[in-house]
Amino acid sequence: MSDLRYLLKRGHSWYFRMAVPRDLRATLKRPTIVQAMNTRDLTRAKAERWAMVAAWTAQFQQLRVEAGTRPDGRDPREVYRQTLQWAREVFPESPDATGGPDDIDPSALGLELEAQPFLDRLDREEFDGIPANLSPQENARLAALTARMSELAGRRAETPPEYRMSFEEAAAGYIRDRKRDPAERPTEQTIGQAEAVYRLFGGFWKERPFGEVKGADAAEFLDIIGSFSPTWGRSPETKKRTFEELRRLFGGQERGLSNRTLNRYIGDLSAAWEWAEKRGGVKGKNPFDGLWKKTASSRQTGYLPFSVDQLNVIFKGTNELRRTPYRRAFWWVPRIALFSGMRVEEICALDRDEVSEEDGVPFFDITAAKTVAGIRRVPIHSALIGLGLLDDLPKAGPIFPELKPGGPDEKRSHYYVKRFSALTHRLGISQIDPATGKDRLAFHSFRKCVGTALERAQVAESDAVQALGHEKLSMSYSVYSLGLTLPQLRDRVVEKIVYPKLDLEGLRRERPDSGD
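At position 413 of the sequence shown (counting the first as 1) the number is 413 in full-length UniProt numbering, and the numbers step up by one without a gap.
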């Protein structure tokens with residue numbers, strides 16, 4: 001196989017082509033050098049290319065020397081990895097090399113030319129009695145070139161400890177990639193939780209290379225934080241505290257973090273390792289594998305639907321609310337939930353242009369949902385129309401402008417849910433799960449009411465999920481069907497949401513209008 005490195009043929013003529021080192025591309029304003037060799041003869045082109053390689057290598061080095069008066073603020077670890085990657089691309093193994101004593105490997109020669117200016121400086125400084133004074137970035141570049149020479153000689157090149165990927169670097173890179181990928185769409189809360197875990201482990205591991213973490217180290221970390229109070233991360237001062245301070249303030253608790261929480265920590269740390277491994281920053285077995293905690297025996301609190309009596313109490317309570325900035329939202333949001341099955345954030349975040357009409361059917365157009373199935377159109381129930389919802393909408397903007405965003409993800413429902421829970425507790429509506437200590441009645445109970453009403457009306461589940469925003473159960477429908485039309489969805493699903501014995505007159509009393 002002919003060695004065509006640095007050569008490019010266009011038409012019948014040969015051109016010289018060489019990659020510009022990454023650190024010089026901004027200076028030269030191009031990623032590749034391409035020069036005409038003024039020959040059609042391949043033998044001549046192959047012979048002349050090495051002089052051009054040497055000339056450009058010298059010019060690259062001169063540019064670096066000229067830039068030497070300017071401080072290079074790059075992380076030496078980054079310089080090492082980028083230089084090694086560049087050297088592998090530009091100086092591959094030579095297919096024509098025979099390995100004989102007189103055989104000159106062009107790649108090895110090119111590497112020597114790249115490294116020689118650094119070596120000359122070291123020799124000269126040592127000869128003149130001046131200590132070697134390469135910058136950290138220059139040392140990193142020389143180490144990478146030397147590593148590539150070892151690889152070409154058939155020797156394994158170990159990354160020096162000072163150039164190995166740190167945990168902080170891996171964690172930041174993983175978070176950056178997650179934010180970049182629009183398909184993943186992590187919430188700010190999810191990102192914030194991962195960053196908290198990474199700060200915690202970073203404080204434990206400190207500056208040691210990430211690749212040195214062993215299974216025993218990971219287990220020790222989990223043993224320590226497993227005794228942390230569940231409230232350890234709630235203080236605004238947490239980010240400023242060292243791992244030792246956090247351990248002293250929150251560690252050693254009899255009832256520490258749950259296995260579910262620890263598994264989330266393990267998942268975040270394991271993902272950072274996998275990210276680093278794909279980029280050559282770490283090698284070997286993932287130290288966080290095999291540390292997962294058992295959670296099968298724990299029982300989660302399932303929400304219950306409100307009873308009709310409880311619904312009547314809730315709506316009577318919203319009717320009797322004093323004149324507050326939130327009164328209109330308190331009046332409408334539960335009623336919309338009860339007759340649509342929409343999630344609380346889907347309702348609170350509604351905008352005026354997301355209430356529309358098609359084929360004579362008014363509907364909510366839900367576009368910002370947690371899942372693809374959640375993106376849907378929900379016909380507006382006749383009960384809501386009868387209550388005057390369509391006449392009470394603002395001309396533009398949020399339907400409930402009084403609901404201010406809050407929480408890590410800036411949700412409009414953040415403060416509303418807290419106030420709704422306070423209202424139901426004040427009204428005596430609560431059912432505590434003795435196994436978990438959590439309330440089984442919450443705003444989500446409205447969705448449970450809708451699901452129960454649809455099932456009792458014998459609505460087909462494949463139809464109901466289109467209004468509720470769940471995945472279709474059948475592959476045939478989920479893949480090949482466009483779903484029900486709006487009139488069908490209204491008649492076959494939404495209008496089947498009925499509640500016998502519900503005090504509908506109580507629903508209508510004292511409706512505040514948008515001017516209140």
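The C-beta atom is built at its ideal place from N, Cα and C for all residues, glycine as well.
Bear in mind that the values here come from a model prediction, so they are computed numbers and not experimental data.
query, result
"8 Å contact criterion, which Leu200 and Leu262 should meet: CB distance rounded", "Their Cβ separation, rounded to whole angstroms, is 12 Å, which puts Leu200 and Leu262 out of contact at 8 Å."
"Buried or exposed by the 16-neighbour rule on C-beta atoms within 10 Å, applied to Gln62", "exposed"
"Tyr326: CB within 7 Å of a non-hydrogen atom of the ligand NAD", "Summarising the ligand content, the structure contains no ligands, and the ligand NAD is consequently not present."
"Sequence ranges, beta strand (DSSP E) only - wholly within the stretch 174-223, length at least 3", "none"
"N- and C-terminal bounds of the alpha helix (DSSP H) containing Gln310", "308-319"
"Sufficient close CB pairs (3 or more, under 8 Å) joining the stretch 38-53 to the stretch 11-30", "yes"
"Coil, strand or helix - Ala383 by DSSP", "helix"
"Option in Arg176, Arg492, Arg88, Thr57 with minimal Cα separation from Ala457", "Arg492"
"Residues bridged to Pro398 [DSSP beta-bridge criterion]", "Asp351"
"Alpha helix (DSSP H) runs wholly inside the stretch 3-34, at least 4 long, in chain order", "25-28"
"Rounded distance between the beta-carbons of Ala194 and Asp289, thought under 8 Å", "With a Cβ gap of about 18 Å, Asp289 and Ala194 do not count as contacting."
"Local Cβ density within 10 Å of residue 544, reported as buried at 16 or more and exposed below that", "What the structure shows of the chain is the stretch from 1 to 516, and residue 544 is not part of that stretch, so it cannot be assessed."
"Delimiting residues of the beta strand (DSSP E) encompassing Phe363", "361-366"
"Three-way DSSP call (helix, strand, coil) for Asp409 in this model", "coil"
"For Glu345, the three-state DSSP class (helix, strand or coil)", "helix"
"Pick from Ile224, Glu188, Thr190, Thr187 that is closest to Phe204, judged by C-alpha positions", "Ile224"
"Completely contained alpha helix (DSSP H) runs for the stretch 428-458, where each covers 4 or more residues", "445-456"
"DSSP bridge partner residues for residue 527 (one or two, in chain order)", "Any answer about residue 527 is impossible in this case: the structure gives the chain only from 1 up to 516."
"Straight-line Cα distance separating Arg327 from Gly360", "31 Å"
"Residues near Arg70 in its chain [Cβ-Cβ closer than 7 Å; skip 5 each side]", "Below a pLDDT of 50, predicted positions are generally treated as unreliable, and Arg70, at 49, falls in that range; the measurement from the model is reported next regardless. For Arg70, where only same-chain residues beyond five positions count, there are no Cβ hits under 7 Å."
"Whole-Å CB distance - Pro21 paired with Phe60, under 8 Å assumed", "6 Å"
"Cut-off 6 Å between Cβ atoms - residues of its own chain near Phe446, not counting five sequence neighbours on either side", "Ala337, Leu338"
"Cβ neighbours of Ser150 in the same chain (closer than 6 Å, five flanking residues each side left out)", "Ala157"
"Whole-Å CB distance - Ser229 paired with Phe250, under 8 Å assumed", "4 Å"
"Own chain, CB closer than 8 Å to Thr242, minus 5 neighbours either side, in chain order", "Gly203"
"Whole-angstrom distance between Trp331 and Leu387, CA atom to CA atom", "11 Å"
"Neighbourhood of Leu257 by C-beta distance below 7 Å, restricted to the same chain and skipping five residues each side", "Ile225, Gly226, Phe228, Pro230"
"Closer than 8 Å to chain C by CB, Ile497", "The displayed structure is made up of one protein chain only, and chain C is not part of it."
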